[in-house]
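One structure is given here, and the rest of the page talks about it.
Numbering (full-length UniProt numbering), first residue to last: 1 to 375.
Structural data, given as structure tokens:
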């Protein structure tokens, strides 16, 4: 807040006055002064249009538009279908889509020239298209995706969202998937909402007043679900090791299935894009009890070791070695915090699959020029 403090100084020196002029002329000042629109706040005199088909919903869309799509369990499948049909029928070109993982049908990746998807947190329905060059992926922390919209790196023309019907005060809810969507609707020129009576009501940052919407389109659909698969014997063993050795009485865990109607509650859930955020958060917890844990089976389904001396060519780094404190396999726990490379190599080899330990020791010696050891 130092930058704002000097703006309020009544008797400023010439240096401060010059800094003030520079700040007022900057984009940063405009962010502080204008700020993003607040979707919770009613907009007096504004009412959205109710649409009954794709032409009414997307009639304002132009070539080259940047479109955000609500993802996760709240993916608006009706709007996705109608957006695709409208763009193809009107022969619109170069519509750019931005989203975290979406669920359900996703037809855009086969419409080259009309659509191009950029995934900010890749799901199963885009992975193949990215590998084949028909869609894009942007590596970014989950916590920093909102900055893409707030800093106008991506200027959104339209946000497609899934909401509950308005209550008596005009407030809708984004349901179970608030994530980066709040930042998208704060910065989009137009907001089109699928009004879904099957979407669960959540409070807090999930709230948006209907007067902030451009178009409302009735569309009842159940939330998208991902059926859990049964845990394997190896995964059960890893879980047992963690529970018996690393989880203390009174520990806070990321768990549970559903929370509703608690305005001040914040729930953390993550995936690939948020791994570093949560590991770092656990590592620097104020009570000193946080434990950043990487849990992984020792081998793949092809019996290839998951503990390796180096990454394969083209392998992306998600979590750096400095972030990793605990690594757990079915063979035990490797505690890496504060250890040098020789000690880290030894600890990791001890929890590798026995069939691969000898080759890992040799690889470690070739790289470090010294045998791995615990001291």
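Built from N, CA and C at the ideal position, the CB exists for glycine as well.
- Three or more pairs of CB atoms, one per stretch, sit closer than 8 Å, so the region 98 to 112 contacts the region 56 to 75.
- Residue 369 and residue 363 have their C-alpha atoms roughly 10 Å apart.
- In the three-state scheme derived from DSSP, where H, G and I count as helix and E and B as strand, residue 346 is classed as helix.
- With 16 or more other CB atoms across the displayed protein chains lying within 10 angstroms of its CB, residue 82 is buried.
- Here residue 208 really is in contact with residue 174; their C-beta atoms are around 7 Å apart, less than 8 Å.
- Under the DSSP assignment, residue 223 falls outside any alpha helix (DSSP H); it carries neither an H nor an E label.
- Membership of residue 49 in the beta strand (DSSP E) is indicated by the continuous run 49 to 51.
- By the Cβ rule, the region 210 to 229 does not count as touching the region 294 to 307, because fewer than three pairs are nearer than 8 Å.
- Less than 8 Å divides the Cβ of residue 136 from the Cβ of residue 130.
- Where residue 193 is concerned, the enclosing beta strand (DSSP E) starts and stops at 190 to 195.
- Counted as a single uninterrupted DSSP element, the beta strand (DSSP E) harbouring residue 335 occupies residues 332 to 335.
- Beta-bridge partners of residue 328 (DSSP): 295 and 333.
- Taking 8 Å as the cut-off, the Cβ atoms of residue 75 and residue 224 count as close.
- C-alpha of residue 47 to C-alpha of residue 211: approximately 5 Å in a straight line.
- Cβ-Cβ separation between residue 331 and residue 298: approximately 6 Å, consistent with a contact (criterion under 8 Å).
- Burial check for residue 199: the Cβ neighbour count within 10 Å reaches 16 or more, so the residue is buried.
- Pairing residue 348 with residue 327 gives a Cβ-Cβ distance under 8 Å.
- The Cβ atoms of residue 277 and residue 141 lie closer than 8 Å to each other.
- A check of alpha carbon separations from residue 94 across 78, 112, 77 and 86 identifies 112 as the nearest.
- In this structure, residue 294 and residue 324 form a Cβ contact; the two beta carbons are roughly 6 Å apart against a cut-off of 8 Å.
- Residue 108 and residue 194 have their C-alpha atoms some 19 Å from each other.
- Rounded to the nearest whole angstrom, the CA to CA distance from residue 37 to residue 346 is 53 Å.
- Apart from sequence neighbours up to five positions away, the residues of its chain that approach residue 226 with a beta-carbon distance below 8 Å are 103, ordered along the chain.
- Residues 368, 370, 372 and 373 of the same chain have their beta carbon placed closer than 7 Å to that of residue 342, with the five preceding and five following residues left out of the count.
- The alpha carbon of residue 153 has as its nearest neighbour, out of 138, 164, 160 and 163, the alpha carbon of 138.
- With contacts defined by Cβ atoms closer than 8 Å, residue 159 and residue 178 do not form a contacting pair.
- Assignment of residue 300 by DSSP, reduced to helix, strand and coil, places it in the coil class.
- Only exposed fits residue 151, as fewer than 16 other CB atoms lie within 10 angstroms of its CB.
- Here the alpha carbon of residue 232 sits roughly 15 Å from the alpha carbon of residue 242.
- Secondary structure of residue 209 (DSSP, three-state): strand.
- Exclusion of the five residues before and after residue 114 leaves 87, 88, 92, 93 and 95 as the residues of its chain whose Cβ lies within less than 7 Å of its Cβ.
- In the three-state DSSP reduction, residue 152 falls in the coil class, being neither helix nor strand.
- For residue 119, the enclosing beta strand (DSSP E) stretches over residues 115 to 119.
- Taking a 10 Å sphere around the C-beta of residue 219, we find 16 or more other C-beta atoms and assign the residue as buried.
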